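Residue numbers (my numbering), protein chains in the order written: chain Y, 133 to 470; chain Z, 133 to 470. So the structure is just underneath, and the comments pick up after that.
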């Protein structure tokens, strides 16, 4: 199928996770059961704390990519369930570790596992889940899958450290920001998707195509995530906004507003993000500025570009409900409001 | 060799790491080079922070067990070097995560990576090293080794969480304390040693023997560690003592002093460890009490018992410089002052 037609298909596709969720309902149910089973431990705090975050009802986007890409490649076995659970455990461990706070961050009153149980239990339970992820992969027995996910885990940690380095630094470039989100977010989406081709012993070209699909989808997902943190509409709906702003994170909406802003605006961004000197009304002003400078629209446009690239990466695969569901999921990643 | 004779051999063995260090000098040098090589990253903070702890010059006891047990089994290849480095990376990651502090712990002014760089970078660099450990194992290609070390990592995390649960709880039993140190410490020593038999495809009996060797050695090591934290002699030498006391950790010296103490002493332990209400002179009093109640001597006696059991576990292996060096290392674990 020519690329132009594929873009039309993508453009016509309704951004939604629903087709993928419907297609994978049985598999997802098994993944969820396995997750609950494998987070058990005689040490009661572990399932308690893990349950708070694992059963907390995320979208299960990453494991769905493993399941969906395996199906796209015609997989009919059982192994994708355990590997999808491993992917979700790695994601959960990084969430727990990402929420570690230093004393200076205590102003944040979020309902994270770390806030409820303290940093240390959250870190250790993250380690437990990370180890469980590797136990699941070892039981599966594919060294190739182990290679892909151990490599991805190292890259995620690098991305998280890079993000710390850029936090509060208004001289951060767009290229640096992109490197951060490619590593901390897109890498796991890429690995989760690639596994589908590994399971079915597809060619390296098909592996690479699924990697590109996941990588672009993950980038789109993170861009929208960063955009939603400044969304006036989210704020109106009573949803949580401004977490990144309070942390001094240099995300694309901020970088764009900074480069397009006037001197007075740059003074505002430096005070609030570099010095973390934030006063009542500052978040509202930040939301207003990213909107006024077109940074929300531009971030969303770029996210849609990555979503389209994700869809295009699936061109080598045969059309069918699996591919259509994955294309709709990519469109969702670039065009979602939650 | 009859067990009685083996005990005599062990009793005659001078407690020392030197024979093992001499025997493994070349291998250890290669492990150290590999460690430095594999902790590199384009993200500069990672090698900086990792170098602080990895190159900080620990005893490299765990990787030495992998190297030494491989040699004991007659191994002459290269694989033990990478696996020893993986074992040290797992240990380093747990150290970094073990030092995570909550805001309430800031009274501790230790020169940990966490104190210098903050919790979050230390946690993320720990994740990076943990991932690197798995990358090294995957490159080695043994699913059995991956199984042993992923399982050990989960058990370590369980042990660390168990320890949190007993901290500040003066009702902790000796059995609970033993379960904690078996999991958080001895498990990795057992896994590190067992790998030697896996590399050389020895029988499951020999694998189990090396597991028992490492497990008993690790238990002895942790008992002495917990004893040294209350050592008056260490305090005189200007070395760090009292870290566990300040944390409210329920270690064997405390449990013994508690059960052997009078009512007034129990009030003291409850105030200092349960309520963490510690005043000037309290650490000195704690050191005096564990000494007076014979808790130091008893802890040391038990450590020597585990060290002897470690040595006995090597009975199935042929006598030679390797076995003698490992026996001396076991004796050292139960009778060291650093």
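For every residue, glycine included, the Cβ atom is placed at its ideal position computed from N, Cα and C. Just so we're clear, the structure is a prediction, and the values are computed from it rather than from any experiment.
Considering only beta carbons, the part of the region 265-278 of chain Y lying closer than 7 Å to chain Z consists of 266, 267, 270, 273, 275 and 278, in chain order. For the alpha helix (DSSP H) assignment, the uninterrupted runs of no fewer than 4 residues enclosed by the region 354-397 of chain Z are, from N- to C-terminal side, 364-368, 375-379 and 384-392.
Under the DSSP assignment, residue 277/Z falls in the alpha helix (DSSP H) whose first and last residues are 275-298. The three-state reading of DSSP puts residue 154/Z in helix, counting H, G and I together. Within chain Z, the residues 229, 289, 292, 293 and 296 have their CB atoms less than 8 Å from the CB of residue 256/Y, given in chain order. For chain Z, the residues of the region 170-187 of chain Y that bring a beta carbon within less than 7 Å of one of its beta carbons are 173, 175, 177 and 178, in chain order.
Not flagged as an interface residue toward chain Y: residue 412/Z, since no C-beta distance is shorter than 7 Å.
For residue 200/Z, the enclosing alpha helix (DSSP H) stretches over residues 193-204. Going by DSSP, residue 179/Y is part of the alpha helix (DSSP H) stretching over 177-186. Chain-ordered, the chain Z residues with CB closer than 7 Å to the CB of residue 283/Y read 267.
Put simply, the CB of residue 447/Y is far from chain Z, with every gap to its CB atoms at 7 Å or more. 254/Z is the residue among 428/Z, 254/Z and 271/Z whose C-alpha sits nearest the C-alpha of residue 226/Z. If you draw a straight line from the Cα of residue 146/Y to the Cα of residue 441/Y, it comes to about 16 Å. Under the Cβ criterion of 7 Å, residue 251/Y is counted among the residues facing chain Z. Not one beta carbon of chain Y lies nearer than 7 Å to the beta carbon of residue 247/Z. Within its own chain, the residues whose Cβ lies closer than 8 Å to the Cβ of residue 182/Z, once the five positions on either side in sequence are excluded, are 171, 224, 257, 260 and 261, listed in chain order. DSSP, reduced to helix, strand and coil, places residue 453/Z within a helical segment of the structure shown. Chain Z has a Cβ within less than 7 Å of the Cβ of residue 286/Y. The shortest C-alpha to C-alpha distance from residue 372/Y to any of 379/Y, 344/Y, 383/Y and 360/Y is the one to 360/Y. Apart from sequence neighbours up to five positions away, the residues of its chain that approach residue 179/Y with a beta-carbon distance below 7 Å are 171, 172 and 173, ordered along the chain.
Chain-ordered listing is empty here: chain Y has no CB closer than 9 Å to the CB of residue 335/Z, the nearest sitting near 22 Å. Taking the beta carbon of residue 232/Y as reference, the chain Z residues within 8 Å of it are 232, 251, 252 and 255, listed in sequence order. For residue 260/Z, at least one C-beta of chain Y is nearer than 7 Å to its own C-beta.
For residue 339/Z, the three-state secondary structure derived from DSSP is helix. Residue 449/Y is positioned such that its CB atom lies closer than 7 Å to that of residue 455/Y. Here DSSP, grouped into helix, strand and coil, assigns residue 469/Y to coil.
A direct Cα-to-Cα measurement between residue 382/Z and residue 199/Z gives close to 33 Å. In the DSSP assignment, residue 437/Z falls within the unbroken alpha helix (DSSP H) covering 427-445. For residue 263/Y, the nearest beta carbon of chain Z is closer than 7 Å to its own beta carbon. When the five nearest sequence neighbours on each side are left out, the beta carbons in the same chain lying within less than 6 Å of the beta carbon of residue 219/Y are those of 194, 195, 198 and 324, in order along the chain.
With contacts defined as CB atoms closer than 7 Å, residue 185/Y and residue 217/Y fail to qualify as a contacting pair. Secondary structure of residue 424/Z (DSSP, three-state): helix. Sixteen is the threshold: when 16 or more other Cβ atoms of the shown chains lie within 10 Å of the Cβ of residue 339/Y, as they do, the residue is buried. For residue 269/Y, the enclosing alpha helix (DSSP H) begins and ends at 251-272. Residue 394/Z has its alpha-carbon roughly 50 Å from the corresponding atom of residue 264/Z. Here the region 296-311 of chain Z makes no contact with the region 279-287 of chain Z; the two share fewer than three CB pairs at distances below 8 Å.
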